[in-house]
Amino acid sequence: MTAVAVLAALAGSPGLAQAQQPSHAGSLSATNDNGLPPGWRIDGDRGARALVWRAPKSVPVGDARVEFRTGDRLLGVPKPAKDGRTFRLALDEAAPTGLTDLQVTAAGRRLDAAAEEPDRSDARGARLPAQAPANGVDPGKPGSYRTVTGSYDLAPVRLPGFATPVEMRAQVVAPKGATGSRPLALFLHGRHSTCYKPGSEDDTTIDWPCADGYKPIPSDKGYLRDQKLLASQGYVTVSISANGINAQDWAAEDAGAQARSSLVRQHLARWADWAAHRSTAPAAVRQAPKADLSGVLLVGHSRGGEGVNRAAMDSLYPPPSAEDGYRGPVRWKIRGTVLIGPTIFGQNPVADVPSVTLLPGCDGDVSDLQGEDFVDGTRGVSKGAALHSAVYVVGANHNFFNSEWTPGQAEAPAQDDFWTDPEQPDPVCSPGAATRLTATQQHKAGSTYIAAAARLFLAGDDRVLPLLDGSGKRAPSADPARVLTHAVGGRRSGGFLPDAGPKVTGARLCSAIDPSPAVACLDPETPGSSPHFAWWETEKETGRSAVDLKWSRPGTAARVTPAKPLSLHGSQKLALRVFVPPNTTGTKFDVAVTDSSNRRATLGRVEVAGLPGSANTASYWAQELRVPLTAATRAGLDLRHVKSLEVTPRSRSGRAWLMDAWGWAPGTPAVKAAALPRVDVGRTIVKEGDSGTRTYRIPVKISGHGSGQVRVYVLAPDSGRSESRLVTVRPGSHAIDVPVVVKGDTNYGEDVEHDIAVKAVHNSVVGKHRGGVTVENDDPEPVITLSPVADRVTEGETLTWRLSIDAPVTVDIWQPVRVLPVTEGTELSTKDVDPQWLKDWSGDVPDPERPLSDANLWVWLNIPIGSTSVDFVVPTVQDQVAEPTESMRVALTDRNAEPLPDRPVLTGTVLDRP
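So the mapping is simple: our numbering equals the position in the sequence shown, first residue as 1, plus 158.
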């Protein structure tokens, strides 16, 4: 990193650039390995120090969480400024040392680095998957009912942790003339800008309520086409507004999941009231048929997906009352959820509520497609009866499932979230690419698969199951979209699960999340990514695995042997979830099983092609491949005791990853939620004190029923590394007991967070997955002074000032110093100082000669831990020109480069050498 690069990108006052002091002066250096990348700085005054990144242009409000990282370590979630470009992370959340390899990410996508040029050799292989045969029933066809539309706007509600009340506003679309009670589908939009200025092209904000001259963005109106399709088929629908949450969720530790759940349940409670007392309902509800609250489908987009998942959880397993915004009775039954490009920051899906997750192949917001965990994360957690389906929509982006987020359709300014450089168009996802859908095509496909979920979960119509469970059928209403599906749960049995640590020969058992490329399933340098390996809270995870097959000639079998034999009895086929590199074709495998008596049968051969993908997509996604079990039955295998699975490559060379394999049978079983313990991690804030030690414990509440297992990760506050352990939890117990020892001192330092993260493993659910003990520094910030050491020198000598603090500290101290114009006499010029020094500090060159203050010198000096001072040096040069006495002025400044009013401005004088 050169000082020039730092100068070009760092933010500051108008006309001022910033540079880091060279390493010999004790600051972050542009010439060593500790330099801050372009766009970054550390600033602050009066103890409010922060790590700041400023983007070269506005970052659109989206659902993916903007995160600061150093390498694989999460530093924290920064606060966005109103300009949409500046993000600040308080240094009580990020240790101020070791800030190397700084990155800004959102869903694994780098925001602070230009996209790499696509690999054009791979891009040439991008092609649409073959069109699947049509299913016998098409849920995308409108029903026989005409529809009626209305809205309601109730008094806002207060939610815990949110200072501003949240609106209770919704759009209602219902079948006209339908008799009896009708199932209810509730929609919740995701995180988007909240307000816009009419007549502007891009003037949007994330405020709530909206300022004068601005109007609310009606994100809740974005699903009217989906609502009308469902209403025509006999369902009552409501789409609720959550702008008040979107404006405030940046500060919520769970990114607003609990608040969104509370809002959903507040609306459901009103619908339960109105079902019992129709006369009290708003007009829009009275004109609809009575809602049947025993059949509720929740549809959530992006953060709304995570919100409705939490609402389903909270309806079965009540959350801690202090954090819940709805504390009344549950008078509804959630039969299923539809999650559209969802976030799942907690990786805590509800295993016993059926779900369908739409994964947009060109998602430019939640680009890691982390919603895959709504499928993968349910395996082995509970009974396994609930179907969890993933629906991969080739060529779909994130925003266009909501018409109010779609350019040309939205009332407010809107944009395509998948952005690429016009000079380097993405071969798969740029508009106009053969694999990219138009907005209308995408929305139509989304409506169709939402309707499929409603028909399966609410109407119990198994005829639509082949559209969702990996059977390879299509709904013609979704054409021309290419849609692929896979699933777990339902009537699947057995389960060859790499997560369970089987013995693997002929291939490699790899880890989804691990910093070592030798251990990780997908090398971090691989272009593109896999939704199955989306990052969570730790740099290394236990129990998230796959089988990595790599071969250079056909015929080498990969064998997976579970710890004990499993049963495929009652299954018709073996269903494998396998993915291969994007844009590849012709990968073939033979599949065989062996029982406990060593009888072996080859079940058949499967072939798979990679999804269309680029370096910007998450296309390493598993497709469901099935082989009949008839050969095993004919060979006399005992399908109740199958001890191993073999996958033998039959193509010449290649690479593939096996996620799992299950016994499959048609149909959908009845689902009854198990009584499970629920874990919620809280946060305690304490003062460090001046002396002695105190021991605190991270607050964890275990509620619910029964016993289960969770994995607890203890996160080191200094390194971000973690240690994990498997814990058995029971309601009311203190099984998760993590002590935090706090040592008091009188040295100024940073706040420190001692955190844990928890994930469900078996027979358990996790609500708030992360929390801990925050230890607040209670010592005063040291007094910082700038004083002269050598402020009157002869040319060729060095001017020196000393930045000092009055007491030792336990953190690095950062303080900016600015070179100001002189007020009298002749100012040192750019040719009076060492040219390398000038380049290192300002990225500037001496020519044309000008006053030194015009070189935009604003330097952040660092006093490292263990030191009490650092020198600011200015090497001057000797020349042969007779000159008058020259000078320069320096001053301590605030974060905006303004001189501190209570500190002196110091002058350095340079005499001409006789």
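Where a beta carbon is used, it is the ideal one built from N, C-alpha and C, also for glycine.
Secondary structure at residue i, three-state DSSP: helix, strand or coil?
{"i": "I860", "result": "strand"}
{"i": "K602", "result": "helix"}
{"i": "A439", "result": "coil"}
{"i": "H459", "result": "strand"}
{"i": "T263", "result": "strand"}
{"i": "V533", "result": "helix"}
{"i": "P341", "result": "strand"}
{"i": "G1078", "result": "Because the chain is modelled from 159 through 1072, residue 1078 falls outside the range shown and cannot be assessed."}
{"i": "F226", "result": "strand"}
Below 6 Å CB to CB, which residues in the same chain sit around residue i once its five sequence neighbours on both sides are set aside?
{"i": "K379", "result": "Q329, E562"}
{"i": "V331", "result": "T305, T307, Q385, K386, A389, T395"}
{"i": "S473", "result": "V488, I492"}
{"i": "R99", "result": "With the chain covering 159 to 1072 only, the question about residue 99 has no answer from this structure."}
Quick check on residue i: buried or exposed, where buried means 16 or more other Cβ atoms within 10 Å of its Cβ?
{"i": "S302", "result": "exposed"}
{"i": "P638", "result": "exposed"}
{"i": "R1053", "result": "buried"}
{"i": "G864", "result": "exposed"}
{"i": "H644", "result": "buried"}
{"i": "N401", "result": "buried"}
{"i": "L884", "result": "exposed"}
{"i": "R267", "result": "buried"}
{"i": "N557", "result": "buried"}
{"i": "A676", "result": "exposed"}
{"i": "T775", "result": "buried"}
{"i": "V511", "result": "buried"}
{"i": "P1042", "result": "exposed"}
{"i": "T438", "result": "exposed"}
{"i": "E581", "result": "exposed"}
{"i": "A1055", "result": "buried"}
Starting from residue i, trace the alpha helix (DSSP H) both ways and give me its first and last residue.
{"i": "S547", "result": "Where S547 is concerned, there is no enclosing alpha helix (DSSP H), although the beta strand (DSSP E) it sits in stretches over 546-551."}
{"i": "I403", "result": "401-404"}
{"i": "S420", "result": "415-434"}
{"i": "Q994", "result": "993-1000"}
{"i": "K386", "result": "382-390"}
Taking the alpha carbon of residue i as the reference point, which residue from the options has its own alpha carbon closest?
{"i": "S588", "options": "G519, G983, R763, E699", "result": "G519"}
{"i": "V839", "options": "V829, T853, D848, V858", "result": "V858"}
{"i": "A1106", "options": "P447, R493, A767, P1006", "result": "No information on residue 1106 is available, as it lies outside the stretch 159 to 1072 that the chain covers here."}
{"i": "R1071", "options": "A1055, E1056, D1037", "result": "D1037"}
{"i": "V947", "options": "S1027, K926, N921, L873", "result": "S1027"}
{"i": "T968", "options": "V910, S922, V980, Y906", "result": "Y906"}
{"i": "L312", "options": "A611, A288, L421", "result": "L421"}
{"i": "P993", "options": "A1013, T932, P824", "result": "A1013"}
{"i": "E908", "options": "P236, I971, V896", "result": "I971"}
{"i": "R362", "options": "I398, K240, L260", "result": "The question names Arg, but residue 362 in the sequence shown is Thr. Answer by Cα proximity: K240."}
{"i": "P1022", "options": "D412, Q567, I963, P512", "result": "I963"}
{"i": "G529", "options": "A509, D936, R632, I502", "result": "I502"}
{"i": "K299", "options": "S351, A633, E1044, V800", "result": "A633"}
{"i": "R594", "options": "L986, D1005, A284", "result": "A284"}
{"i": "A609", "options": "V315, P682, M1046, L455", "result": "L455"}
Which same chain residues, not among the five before or five after residue i, have their C-beta less than 7 Å away from its C-beta?
{"i": "D759", "result": "Contrary to the premise, residue 759 reads as Ala rather than Asp in this sequence. Answer for A759: A750, V751, A789, A790, A793, L795, listed in chain order."}
{"i": "T263", "result": "E225, R227, L269"}
{"i": "G486", "result": "A427"}
{"i": "T943", "result": "S962"}
{"i": "G930", "result": "R841, I856, E911, H912, D913, I914"}
Taking the continuous beta strand (DSSP E) assigned at residue i, which residues delimit it?
{"i": "D949", "result": "Note, D949: premise wrong, no beta strand (DSSP E); not H, not E."}
{"i": "P287", "result": "Neither: P287 is in no beta strand (DSSP E) and is coded neither H nor E."}
{"i": "Q781", "result": "781-786"}
{"i": "D311", "result": "305-315"}
{"i": "K746", "result": "745-753"}
{"i": "D1029", "result": "1027-1033"}
{"i": "Q567", "result": "First-last for Q567: undefined, no H or E at that position."}
{"i": "L247", "result": "244-248"}
Sorted by chain position, which residues of the same chain lie with C-beta nearer than 8 Å to residue i's C-beta, five sequence neighbours on each side aside?
{"i": "W577", "result": "G522"}
{"i": "P875", "result": "A253, V910, E911, H912, D913"}
{"i": "L1078", "result": "There is simply no residue 1078 to check, as the chain begins at 159 and stops at 1072 in what is shown."}
{"i": "G902", "result": "E846, G847, D848, S849, G850, T851, R852"}
Just checking residue i against the ligand SAM - is the residue's beta carbon closer than 7 Å to any of the ligand's heavy atoms?
{"i": "L527", "result": "Absence of the ligand SAM is noted for the structure shown, with no ligands found whatsoever."}
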